[in-house]
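Comments concern the structure below.
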Amino acid sequence: MKGTHLGEFEELVLLTVGILFDDAYGLAITDELEKRTGRRVIISSVHKSLVRLEEKGYLKSHMGGATKLRGGREKRLYLLTNAGINAVNEAKQLRNTMWDAVPKIVWEGGML
Numbered sequence: 045m046k047g048t049h050l051g052e053f054e055e056l057v058l059l060t061v062g063i064l065f066d067d068a069y070g071l072a073i074t075d076e077l078e079k080r081t082g083r084r085v086i087i088s089s090v091h092k093s094l095v096r097l098e099e100k101g102y103l104k105s106h107m108g109g110a111t112k113l114r115g116g117r118e119k120r121l122y123l124l125t126n127a128g129i130n131a132v133n134e135a136k137q138l139r140n141t142m143w144d145a146v147p148k149i150v151w152e153g154g155m156l
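Its first residue numbered 45, the sequence shown is counted upward by one per residue in the working numbering.
Given below as structure tokens:
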């Protein structure tokens, strides 16, 4: 799929949804992102990205069951779509191609 143009945060959100698989909801995604990146993540930023990624067709969501722990409230669960999987794969391929194109001498400090 040409032209996915994922931003870094969007890519991280999609990957986190994949990591959490069947338990990917706003707070869990936020916590996992913070744990894996070591960055402070604001839940409203995660929610905005989830909405945007669902609008792009990269995610789909459904309401999960209510629990006592959540005061009887349901949570919106997210899953990667095929388009989302393709977008993440394309981002990975692009990054790998770019990394592979950097001459070895750059990483060895030979240009300093």
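Idealized CB from N, CA, C, for every residue including glycine.
Legend entry - Inside the region 64-126 only - beta strand (DSSP E) runs reaching at least 3 residues: 103-107, 120-124
Inset, instruction - Run the CB neighbour count on Glu-76, radius 10 Å, all protein chains shown included, and call it buried at 16 or more, exposed below. - result: buried
Inset, instruction - Please confirm whether Leu-58 and Ala-131 have their CB atoms less than 8 Å apart. - result: yes
Legend entry - Contact under 8 Å by Cβ, Ala-127 with Leu-50: no
Inset, instruction - Take Val-61 as the anchor and find which of Arg-139, Arg-84, Arg-120, Ile-149 has the nearest alpha-carbon. - result: Ranking Arg-139, Arg-84, Arg-120, Ile-149 by Cα distance to Val-61 puts Arg-120 first.
Inset, instruction - Could you pull the start and end residues of the alpha helix (DSSP H) that Val-150 belongs to? - result: 148-151
Inset, instruction - Rank Val-90, Ser-105, Arg-117 by C-alpha distance to the C-alpha of Glu-55 and give the top, closest one. - result: Nearest option by C-alpha distance: Val-90.
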